[in-house]
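Comments concern the structure below.
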């Protein structure tokens with residue numbers, strides 16, 4: 664394998680983009696848990712050591728992809744979300760539906776989110792962790808603005824709490840709604856067990872709708888929103 668070192672900032676950016684695009688393509692074919700640095704290096708036609716010239720670890724690559732996926736999701740929400748009429752409950756239910764359906768339509772984002780705390784944030788440097796969390800904070804601020812635009816009754820604290828609740832539920836519900844082959848076979852073999860299989864959209868929508876109602880009802884409860 665011949666490797667030509669990128670010598671300019673533009674070449675380095677292109678090489679990083681090549682690695683990220685390759686990882687993104689692989690995640691459309693396999694879950695995060697199956698994407699290894701060796702497999703990524705082979706697909707990108709680079710030696711493993713050369714990939715590590717541009718990213719400190721596999722997790723660093725996946726974290727950058729997570730940041731990109733979240734930003735694309737926010738841009739999509741900005742294009743598709745529009746204020747609707749009706750009561751607070753009706754508008755809250757509509758917002759909950761939009762959040763759940765839009766997340767379900769982004770399996771790579773949901774898979775990365777579900778692996779964030781247990782995998783992606785484990786094998787990284789402090790500097791990378793700081794950069795990632797600053798990026799996450801900017802994304803959360805953008806999400807908060809979109810939610811307040813559609814449901815101003817939530818206020819800043821309520822919108823922030825809704826985002827936290829919805830994303831945490833998505834992290835938990837995604838792997839549960841995509842069981843292993845043995846569990847799929849069990850559900851198929853025993854219809855009585857089928858009701859135990861998690862429906863991602865249903866559970867995220869329901870959680871978000873209940874959270875919205877509760878947050879609005881208790882928006883003056885300072886203890887609820889205390890850090």
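Residue numbers (our numbering): 664 to 890.
Ideal placement from N, C-alpha and C gives every residue a C-beta, glycine not left out.
Quantities reported herein were computed from a predicted structural model and do not represent experimental measurements.
Burial state of residue i, where buried means 16 or more other Cβ atoms lie within 10 Å
i	result
residue 874	buried
residue 733	buried
residue 883	exposed
residue 664	With a pLDDT of only 42 at residue 664, under the threshold of 50, the placement of this residue in the model should not be trusted; the figure read from the coordinates follows. It counts as exposed.
residue 856	exposed
residue 793	exposed
residue 778	buried
residue 795	buried
residue 824	buried
residue 800	exposed
Among the options, nearest to residue i - alpha-carbon criterion
i	options	result
residue 864	742, 830, 763, 784	763
residue 877	828, 700, 673	828
residue 737	856, 880, 803	803
residue 724	883, 855, 786	786
residue 776	708, 831, 792	831
residue 820	881, 845, 765, 834	881
residue 720	824, 740, 686	686
residue 676	688, 707, 717, 708	717
residue 639	768, 708, 748	Lying before the first or after the last residue shown, residue 639 is absent from the chain, which here runs from 664 to 890.
residue 722	846, 784, 853, 879	784
residue 693	849, 771, 826, 780	771
Other residues of its chain near residue i: CB distance less than 7 angstroms, five sequence neighbours each side excluded
i	result
residue 822	807, 810, 811
residue 759	868, 871, 872, 875
residue 711	700, 701, 704
residue 773	766, 833, 837
residue 681	707
residue 756	872
residue 744	761, 809, 813
Chain-order list of residues whose beta-carbon lies under 6 angstroms from that of residue i (same chain, five-residue window excluded)
i	result
residue 870	832
residue 851	none
residue 860	850
Assigned secondary structure, residue i (DSSP; H/G/I helix, E/B strand, else coil)
i	result
residue 666	Bear in mind that a pLDDT of 46 at residue 666, under 50, signals an unreliable position, so the number given afterwards is only what the model happens to contain. It is coil, neither helix nor strand.
residue 713	helix
residue 842	coil
residue 827	helix
residue 749	coil
residue 708	coil
residue 765	helix
residue 853	coil
residue 689	helix
Whether residue i touches residue j by CB criterion (8 angstroms)
i	j	result
residue 843	residue 866	no
residue 814	residue 754	yes
residue 727	residue 683	yes
residue 714	residue 782	no
residue 751	residue 816	yes
residue 798	residue 730	yes
Cβ-based neighbour list, residue i, same chain, cut-off 8 angstroms, excluding 5 preceding and 5 following
i	result
residue 862	840
residue 666	Interpretation of residue 666 is limited by its pLDDT of 46, a score under 50 that renders its predicted location unreliable; no figure is taken from the coordinates.
residue 688	706
Residue i CB to nearest heavy atom of the ligand MN below 7 angstroms
i	result
residue 716	Absent from the structure shown: the ligand MN. Ligands present: none.
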